[in-house]
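Structure first, then comments.
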Amino acid sequence: MKTNRRGAEDAEGRELGEEMSWLTGEVIGAAIEVHRVLGPGFLEEVYKEALVVEFMIRGIHHEVEKSISLTYKGHDVGRGRLDFLVADCLVVELKAVQTLAPIHEAQLLSYLKITKRTLGLLINFNVPLLKDGIKRIALSL
Numbered sequence: 116m117k118t119n120r121r122g123a124e125d126a127e128g129r130e131l132g133e134e135m136s137w138l139t140g141e142v143i144g145a146a147i148e149v150h151r152v153l154g155p156g157f158l159e160e161v162y163k164e165a166l167v168v169e170f171m172i173r174g175i176h177h178e179v180e181k182s183i184s185l186t187y188k189g190h191d192v193g194r195g196r197l198d199f200l201v202a203d204c205l206v207v208e209l210k211a212v213q214t215l216a217p218i219h220e221a222q223l224l225s226y227l228k229i230t231k232r233t234l235g236l237l238i239n240f241n242v243p244l245l246k247d248g249i250k251r252i253a254l255s256l
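When we follow our numbering, the leftmost residue of the sequence shown carries the number 116, and every step to the right adds one.
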């Protein structure tokens with residue numbers, strides 16, 4: 116019997132995509148709740164701590180301020196710190212700034228490359244409507 120490997124890979128890819136979509140929605144929902152309660156105007160650290168609480172309430176597995184290192188040809192050439200790594204696959208970077216700048220997107224993109232993850236969320240809490248402060252960034256590996 117011949118199996119359709121491509122069909123199985125496509126189905127697996129769709130399933131993974133649906134899972135990532137669900138996870139992204141859960142994280143955004145948690146961030147919206149934090150923003151709804153606190154509103155704009157606080158420092159990034161306040162939102163980070165509130166999001167930790169909201170993730171715990173919702174049962175969302177996460178790592179906070181995960182340390183990462185960048186190597187070049189086997190040598191450590193730099194370090195970084197992710198605000199959140201959610202479910203070991205979604206990088207979440209928080210900001211509380213007047214406007215997101217290209218450097219903020221570049222930072223998240225660099226984190227995705229270093230960690231070999233494909234999806235990240237950049238969330239700026241310093242906006243009247245949180246949906247206007249969320250950027251989804253995908254990386255093709």
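Using N, Cα and C, we set each Cβ at its ideal position, and we do this for glycine too.
{"query": "List the whole-angstrom C-beta distance separating Val142 from Leu205, where the pair is believed to meet the contact cut-off of C-beta under 8 Å.", "result": "6 Å"}
{"query": "With DSSP as the reference, label Phe240 as helix, strand or coil.", "result": "coil"}
{"query": "With a threshold of 8 Å on Cβ separation, who are the neighbours of Glu124 within its own chain once the five nearest residues in sequence on each side are excluded?", "result": "With a pLDDT of 46 at Glu124, under the threshold of 50, the modelled position of that residue is not reliable, and no figure is offered here."}
{"query": "Per DSSP, which one or two residues make a beta bridge with Ala253?", "result": "Leu234"}
{"query": "Roughly how far, in whole angstroms, is the beta-carbon of Glu159 from the beta-carbon of Lys210, given that I think they are within contact range, below 8 Å?", "result": "6 Å"}
{"query": "Thinking Val167 and Val179 are a contact (beta carbons under 8 Å), I'd like their distance in whole angstroms, please.", "result": "6 Å"}
{"query": "Between the alpha carbons of Phe240 and Gly154, how many angstroms are there, rounded?", "result": "8 Å"}
{"query": "Compute the distance between the beta-carbons of Leu245 and Val201, then report whether it is under 8 Å.", "result": "no"}
{"query": "Should Asn119 go down as buried or exposed, given a rule of 16 or more other Cβ atoms within 10 Å for buried?", "result": "Per-residue confidence for Asn119 stands at a pLDDT of 48, beneath the threshold of 50, marking its modelled position as unreliable; no derived number is given."}
{"query": "Quick one: what's got a C-beta closer than 7 Å to Ala146's C-beta in the same chain, skipping five residues either side?", "result": "Leu166, Ile238, Leu245"}
{"query": "With H, G and I counted as helix, E and B as strand and the rest as coil, what does DSSP make of Ile175?", "result": "coil"}
{"query": "For Arg121, which three-state DSSP category applies?", "result": "Residue placement at Arg121 is flagged as unreliable, the pLDDT there being 47, under the threshold of 50; a coordinate-derived value is accordingly withheld."}
{"query": "Per DSSP, what are the beta-bridge partners of Ile183 in this structure?", "result": "Gly195"}
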